[in-house]
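Student:
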Amino acid sequence: MSSPTSPEEIRWLVNELYAAWSLHEPHRIDAIFTDDAIYSDIAGGKNQRGKQEIKQLLRAAFEWAPDFRVTMLSLTVGTDTAATEWLSEGLQTGPIGDLPASGNSFRLRGASILAFRDAKISKVTNYYDMATFLRQLGAL
Numbered sequence: 016m017s018s019p020t021s022p023e024e025i026r027w028l029v030n031e032l033y034a035a036w037s038l039h040e041p042h043r044i045d046a047i048f049t050d051d052a053i054y055s056d057i058a059g060g061k062n063q064r065g066k067q068e069i070k071q072l073l074r075a076a077f078e079w080a081p082d083f084r085v086t087m088l089s090l091t092v093g094t095d096t097a098a099t100e101w102l103s104e105g106l107q108t109g110p111i112g113d114l115p116a117s118g119n120s121f122r123l124r125g126a127s128i129l130a131f132r133d134a135k136i137s138k139v140t141n142y143y144d145m146a147t148f149l150r151q152l153g154a155l
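Just so we're aligned, residue 16 is where the sequence shown starts under my numbering, counting upward by one.
So this is what it looks like as structure tokens:
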């Protein structure tokens, strides 16, 4: 049986997650996620499973937007859950899959729902408007 994650631990874990993104430090994932964690991108229809895939997601973002950063706008903490609002920003200088580099900047607001188990993040589900993102990159 898992032990509950305290509100203080949740705040620390969420701050560490945003630091991993904004400071370009994927290695932080190892300390804050469970081994079987899931990182879901609802708009993109993709799931990363486990720490290695989550770290690769961050590395890939830093390749197509070397100045990629995420700012947490709000945090609400519940029992083994949290919700955040965030703003991601950057300049797309590299391809994202089949989408060529645009040289365009992006500012995208979104929200995440997080679940916690044994004082670690076990799931992140991200919600944002993909059409807004693609328009900013000139793909729509």
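Idealized CB from N, CA, C, for every residue including glycine.
Alpha carbon to alpha carbon, what distance is there between Ser37 and Thr49?
Tutor: Stepping through the sequence shown from its first residue, residue 49 is reached at position 34. Stepping through the sequence shown from its first residue, residue 37 is reached at position 22. Distance between the alpha carbons of Thr49 and Ser37: 21 Å.
Student: Would the beta-carbon of Ser103 fall within 9 Å of that of Gly125?
Tutor: As a position in the sequence shown, residue 103 is number 88, starting the count at 1. As a position in the sequence shown, residue 125 is number 110, starting the count at 1. Cβ atoms of Ser103 and Gly125: closer than 9 Å.
Student: Assuming contact is defined by CB atoms lying nearer than 9 Å, are Ala52 and Gly65 in contact in what I supplied?
Tutor: The residue given as residue 52 occupies position 37 in the sequence shown. The residue given as residue 65 occupies position 50 in the sequence shown. In this structure, Gly65 lies closer than 9 Å to Ala52 by Cβ.
Student: Taking only the alpha-carbon atoms, compute the straight-line gap between Leu90 and Leu129 and give it to the nearest angstrom.
Tutor: Along the sequence shown, one-based indexing puts residue 90 at 75. Along the sequence shown, one-based indexing puts residue 129 at 114. If I take the Cα positions, the gap works out to 11 Å.
Student: Under the three-state reduction of DSSP, which class applies to Asp56: helix, strand or coil?
Tutor: Here residue 56 refers to the residue found at position 41 of the sequence shown. Strand.
Student: Sort Phe77, Ala116, Gly60 by Cα distance to Pro41 and report the nearest one.
Tutor: Residue mapping note: residue 41 aligns to position 26 of the sequence shown, counting from 1. The shortest Cα separation from Pro41 among Phe77, Ala116, Gly60 belongs to Phe77.
Student: Have a look at Glu31 and Lys135 and give me their C-alpha separation to the nearest angstrom.
Tutor: Here residue 31 refers to the residue found at position 16 when the sequence shown is read from its first residue. Here residue 135 refers to the residue found at position 120 when the sequence shown is read from its first residue. Going by the C-alpha atoms only, they are around 11 Å apart.
Student: Look at the Cβ atom of Ile111, then the Cβ atom of Trp79, and state whether they are nearer than 9 Å.
Tutor: Taking the first residue of the sequence shown as position 1, residue 111 is located at position 96. Taking the first residue of the sequence shown as position 1, residue 79 is located at position 64. Cβ distance < 9 Å, so Ile111 and Trp79 count as in contact.
Student: Using the beta-carbon count (16 or more within 10 Å), is Gln67 buried or exposed?
Tutor: The count along the sequence shown starts at 1 and reaches residue 67 at position 52. Gln67 comes out exposed.
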